[in-house]
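Chemist: Taken in order, the sequence shown gives residues -35 to -1, 1 to 224; the numbers are from mature numbering (1 follows the signal peptide of the UniProt record, and there is no 0). Let me give you the structure first, and then I'll get to my questions.
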Amino acid sequence: MAPPSASTPRGRRPFLTAAALAAAFLAAALSGVESVDLDLQNNCKETVWPGIQNTDGGRILTGTRLNPGEVYILGLPPNWSGRIWGRQGCSFDSSGRGRCTTGDCDGVLYCNGRAPIPPVTLAEIRLNFGSRSVDFYNVSVVNGYNIGVLVEPQGGRGTCGCAGCVSDMNKACPRELAILGGPGGRVVACRSACMVFGKPEYCCTGKFGSPETCRPTAYSRLFKSACPTAYTYAYDDSTNWHTCSTAGAYVVTFCPYDR
């Protein structure tokens, strides 16, 4: 059966404790529901507007506002795949038009398949991928960083490790990569070296376009220190796709380091 064209919103609620999350996932499993929950949790000290770009042709309307401490739960269909990111500094009118300081998707509240404008931290999830029906997921800062993101599967079999960031890269961002925009000239995002300099050794292009020739740089190592289980450049062999089988949910936490 083909997956539905949109996710099922489960609502927005205050931040859930680990025990409450576990109870919710157990209830879903016992109910026989085939969908997998995607729990978007805002642990930041400011509002986040989650963005989602489907990579499987489906359509997901994600334009909810997540205040600090809130969680928004979506029911994902089987075989869903897509990218998730956090937008900050957003303002939208009644028609859903506006802009975000970081993570903007063409100035609209509902991204509807539109990609975010870098620099942006991207989480990617592929459900029941391949012949073994295994879930794949990762976090990437290859296109820069705007907000810390952590992906954690709930339940499931296999390694099922966490992927993402453990500290705030904006606080350690080199001046030449920084984008300012917060109060008092605060750093709101950190660009990749490829984005700023465009050199083949940073972009893994030309004679540097292979795993053997494109090696870590001082800049990619800085990103790795903040996000040790995330991709930091195109051929980051130290980080691979994380895998998990039959997970009941995936919790995506924005600003996990502020817990």
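Glycine is no exception: its CB is placed at the ideal position from the N, C-alpha and C atoms. Treat the numbers as computed from the prediction; the structure is a model and nothing was measured.
(1) Helix, strand or coil for arginine 186? Go by DSSP, reduced to three states.
(2) Candidates Val152, Gly147 and Tyr184: which alpha carbon is nearest lysine 164's?
(3) Considering only DSSP beta bridges, list what arginine 48 is partnered with.
(4) Could you spell out the range, first to last residue, of the alpha helix (DSSP H) harbouring cysteine 168?
(5) On the DSSP letters alone, give me the boundaries of the alpha helix (DSSP H) that residue 226 sits inside.
(6) Taking Cβ positions, are cysteine 130 and proline 221 nearer each other than 8 Å?
(7) DSSP on alanine 212, reduced to helix/strand/coil?
(8) On the criterion of 16 or more Cβ atoms from any shown chain inside 10 Å, does leucine 87 qualify as buried, or is it exposed?
(9) Using the Cβ count rule (16 or more neighbours within 10 Å means buried), how would you classify serine -1?
(10) Which full runs of the beta strand (DSSP E) of 3+ residues lie inside the segment 93 to 180, going along the chain?
(11) Go to isoleucine 38, then tell me how far its beta strand (DSSP E) extends in each direction, as first and last residue.
(12) Given this structure, state the Cα-to-Cα distance separating arginine 62 from valine 73, to the nearest angstrom.
(13) With a threshold of 8 Å, are at least 3 pairs of Cβ atoms found where one atom belongs to the segment 140 to 149 and the other to the segment 168 to 178?
(14) Could you spell out where the beta strand (DSSP E) holding valine 13 opens and where it closes?
Modeler: The relevant details are as follows:
(1) Three-state DSSP puts arginine 186 in a helix.
(2) The residue with the shortest Cα to Cα distance from lysine 164 is Tyr184.
(3) The secondary-structure analysis by DSSP pairs arginine 48 across a beta bridge with Gln18 and Glu89.
(4) Run containing cysteine 168: 165 to 168, per the alpha helix (DSSP H) assignment.
(5) The question about residue 226 has no answer, for the chain in this structure spans -35 to 224.
(6) Contact flag set, yes.
(7) In the structure shown, alanine 212 sits in coil (DSSP, three-state: anything other than H, G, I, E or B).
(8) With 16 or more other Cβ atoms within 10 Å, it is buried.
(9) Classification of serine -1: buried, given that the 10 Å Cβ count is 16 or more.
(10) Counting only runs of 3 or more, we get 99 to 105, 114 to 119, 143 to 145 and 152 to 155.
(11) DSSP places isoleucine 38 in the uninterrupted beta strand (DSSP E) bounded by 35 to 41.
(12) Roughly 5 Å between the two C-alpha positions.
(13) No: the two stretches stay apart, fewer than three of their Cβ pairs being nearer than 8 Å.
(14) Boundaries cannot be given for valine 13, as no beta strand (DSSP E) includes it and DSSP labels it neither H nor E.
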